[in-house]
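So the structure is just underneath, and the comments pick up after that.
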Amino acid sequence: MPGVSRRIQQVLVPKLHKDSFYYYADLLHLCKSTDCMKKAHAQIVIGGQQQNPFVIAKLVDKYVMLSSSNIECARKVFDNLSERDVFCWNVVIKGYANVGPFSEALKVYDEMWLSRTTPNRYTYPFVLKACGAEKAYRKGRVIHGHAVKCGVDLDLFVGNSLVAFYAKCQDLEMSRKVFDGIPKRDIVSWNSMISGYTTNGYADDAILLFYDMLRDEDVGAPDDATLVSVLPAFAEVADIQAGYWIHSYIVKTGMKLDAAVGSGLISLYSNCGYISIARAIFDQISDRNVIVWNAIIRCYGMHGHAQEALNMFQQLVESGVRPDGIIFLCLLSACSHAGMLAQGWNLFHTMETYGLEKSEAHYACIVDLLGRAGDLEKAMEFIQSMPIEAGKNVYGALLGACRIHKNIELAEWAAEKLFLLDPNNAGRYVILAQMYEEEGRWQDAATVRKVIREKEIKKAAGYSSVELESGHQKFGVMEDRAGILLQPEETDIPSSRCVATPYNNLVLAPFNLIFLQPDLAELELIGKAALPMSFL
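Numbering follows UniProt numbering, with no gaps: position 166 of the sequence shown is 166.
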């Protein structure tokens, strides 16, 4: 048998003991390719084991494990099984939950429920994963009810899956309720809840929960998944002390600086303005994927180093990594802010070379590029020639350009479009009103502001965040409906919400030795980036 190892050939030879379940389990375990799997499948049929639930469950699981394209073969094997136990149902649901279509996992679960097969603690994590991927909130609620009826809702595996499911469906209140109800939480429980807060924009809650986890003696030290979950939250609030602390933690524990953790650190340092440290971390990462490249290109672009961003893009291409649409968004934005019109146009057309579909955001970047350069007429022609329908991002970019160059006529046209596409965005109305005021058209400005009051469009409160010894304190002012400035205590800014940064108290943690700051020798591992003296 060409292409099949000698050991597998020995197993494939018919023997007297082939009726044993373990014979076929060992046979499937040795298969490393789909071709080998088909030969093993043939042996199972010849051996008359095609109705054995144990063997078939192993066969289905192995098919999906080897390749996502084998899911249909696995399903046919399952459908031919007359008597299915819970293990067989679970492996099929698991297959669809892992490789899709996710809706099929829900259909198989329904068939399982109708067949009166009782799900167990391993069924619900798979089906809830599919619910989360499909954003099937109502279906997930029903399945949660089934878990309660079966008495497994407080199981650790099921509880963790419920936390992740509700977070993916943006029901953070229910997700936290389930999290709090898990009797004995593990690191996965904490990671799921922290990730849920971070991905849904609740950075402060994610950070507070992270600190609660550090104080929990039953959990132990954070792992790489914890850092991947919490780093975006620290990046959002630009907490440089957290960046130093996590960076030191990685060095002291010997944790591998992989693409996921590394890109998170790059984004954090970037948001805090530490470009050289972000670059040093980038240089340390060996397995650079497109996310890592995106992080460093965004870093250079957001700080006005457009040429450096373009240089990094050139290195990305030379390294063989295929750029994605986000990479081009960062580059186009960098070119726009730097006034690099020719380079921006060239990048926009280069997207076709990589087979990337241009989204409305990419077209908006070109409108912004032309608008900032003062070529509003060409920006208008570009919008009218777009192959897709222009959305609020495109017209928003045009309105912003009109504000810069004081083109009131074109601004009125763009605002008219925006009032239909983005009617609840107070910023659009305010820009037009301010342009009217600058032109001395007070009656028109008053009319626009009246519309804001009548439609009860709320303007988002601006605020500042100051890092104190006790944590981050938010404060700010805003205008009421009459345009009067409100004091911080009159706004809905959560100024009383203080996000503690207990770095000084971390020595109280049960695993305090790993939080010792790196010494000078260990800083060589970081490269040219130097942590502050307080962390040495």
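Ideal placement from N, C-alpha and C gives every residue a C-beta, glycine not left out.
(message) Less than 8 Å between the beta carbons of LEU268 and ALA235, yes or no?
(response) yes
(request) Reducing DSSP to helix, strand and coil, say where SER192 ends up. (result) The answer is helix: DSSP assigns SER192 an H, G or I state.
(request) Below 8 Å CB to CB, which residues in the same chain sit around SER108 once its five sequence neighbours on both sides are set aside? (result) Note on residue identity: the sequence assigns Val, not Ser, to residue 108. Excluding residues within five positions, the ones whose Cβ falls inside 8 Å are TRP89, VAL92, ILE93, TYR96.
(request) Identify the continuous alpha helix (DSSP H) that holds HIS144 and give its terminal residues. (result) 137-150
(message) By the three-class DSSP mapping on this structure, what secondary structure does SER68 have?
(response) SER68 falls in the helix class under three-state DSSP.
(message) For ALA407, count the other beta carbons within 10 Å of its own beta carbon; 16 or more makes it buried, fewer makes it exposed. Which is it?
(response) For clarity, residue 407 is Asn in the given sequence; the question names Ala instead. The residue is buried, with at least 16 neighbouring Cβ atoms inside 10 Å.
(request) Could you please give the first and the last residue of the uninterrupted alpha helix (DSSP H) stretch that includes HIS303? (result) Premise fails: HIS303 is in no alpha helix (DSSP H) and is neither H nor E.
(message) For ALA401 and GLU381, what's the separation of their Cα atoms in angstroms?
(response) 15 Å
(message) In whole angstroms, give me the CA-to-CA distance for VAL367 and ILE452.
(response) 27 Å
(request) Taking only the alpha-carbon atoms, compute the straight-line gap between ASN346 and GLU377 and give it to the nearest angstrom. (result) 20 Å
(message) By the three-class DSSP mapping on this structure, what secondary structure does VAL466 have?
(response) strand
(request) Could you name the residues of the same chain whose beta carbon sits closer than 6 Å to that of HIS337, not counting the 5 residues immediately before and after it, in chain order? (result) none
(message) Taking the straight line between their C-alpha atoms, what separation do you get for ALA167 and ASN120?
(response) 23 Å
(message) Within the continuous alpha helix (DSSP H) that includes TYR124, where are the two ends?
(response) 123-134
(request) Check GLU236 in the structure and name its three-state DSSP category. (result) helix
(request) Could you tell me the distance, in whole angstroms, from the CA atom of GLY355 to the CA atom of VAL448? (result) The C-alpha of GLY355 lies about 43 Å from the C-alpha of VAL448.
(request) Below 8 Å on the Cβ atoms is my guess for ALA295 versus ILE266; work out the distance and round it to an integer in Å. (result) 4 Å
(request) Please report the residue range of the alpha helix (DSSP H) in which MET255 lies. (result) It is not in any alpha helix (DSSP H) - MET255 carries neither H nor E in the DSSP assignment.
(request) Could you check the C-alpha separation between PHE54 and HIS41 for me, to the nearest Å? (result) Spanning the two alpha carbons is a distance of roughly 14 Å.
(request) Identify whether VAL219 lies in helix, strand or coil by the three-state DSSP scheme. (result) coil
(request) Would you check if the distance between the CB atom of LEU418 and the CB atom of ARG428 is smaller than 8 Å? (result) In this structure, ARG428 lies closer than 8 Å to LEU418 by Cβ.
(message) Buried or exposed for ASP205, going by 16 or more other Cβ atoms inside 10 Å?
(response) buried
(message) Quick check on DSSP: helix, strand or coil for VAL317?
(response) Helix.
(message) With the cut-off set at 8 Å, would you say GLU437 and ALA445 are in Cβ contact?
(response) Against a cut-off of 8 Å, the Cβ pair of ALA445 and GLU437 comes out as a contact.
(message) Is the separation between the beta-carbon of LEU128 and that of PHE179 shorter than 8 Å?
(response) no
(request) Can you grab the Cα-Cα spacing for the pair CYS272 / ASP224, in whole Å? (result) 22 Å
(request) Please classify ASP216: is it buried, with 16 or more other beta-carbons within 10 angstroms of its beta-carbon, or exposed? (result) exposed
(message) Within a Cβ cutoff of 7 Å, which residues of the same chain sit near GLN229, ignoring the five residues on either side of it in sequence?
(response) In the sequence under discussion, the amino acid at residue 229 is Ser, which differs from the Gln named in the question. Once the five neighbours on either side are set aside, the close Cβ partners of SER229 are ASN191, ILE194, SER195, THR198.
(request) Express the C-alpha separation of ASP239 and GLY301 in angstroms, rounding to a whole number. (result) Annotation: GLY301 to ASP239 spans about 20 Å, alpha carbon to alpha carbon.
(request) Report, in whole angstroms, the separation of the C-beta atoms of ASN289 and ALA242, which I expect to be a contact under 8 Å. (result) That pair is no contact at about 24 Å.
(request) Pull up the distance between the alpha-carbon of ALA414 and that of LEU398, whole angstroms please. (result) The straight-line gap from Cα to Cα measures roughly 7 Å.
(request) Report all residues from its chain with a CB closer than 6 Å to the CB of TYR395; omit the five preceding and five following residues, and keep chain order. (result) ALA414, LYS417, LEU418
(message) Just to confirm before moving on: does the CB-CB distance between HIS303 and ILE275 stay below 8 Å?
(response) Between HIS303 and ILE275, the C-beta gap is smaller than 8 Å, which places the two residues in contact.
(request) Express the C-alpha separation of THR350 and GLY320 in angstroms, rounding to a whole number. (result) Their Cα atoms are separated by approximately 16 Å.
(request) Could you pull out every residue in the same chain whose Cβ sits closer than 7 Å to the Cβ of GLU358, ignoring the five residues on either side in sequence? (result) Note on residue identity: the sequence assigns Lys, not Glu, to residue 358. Result list for LYS358: MET351, in chain order.
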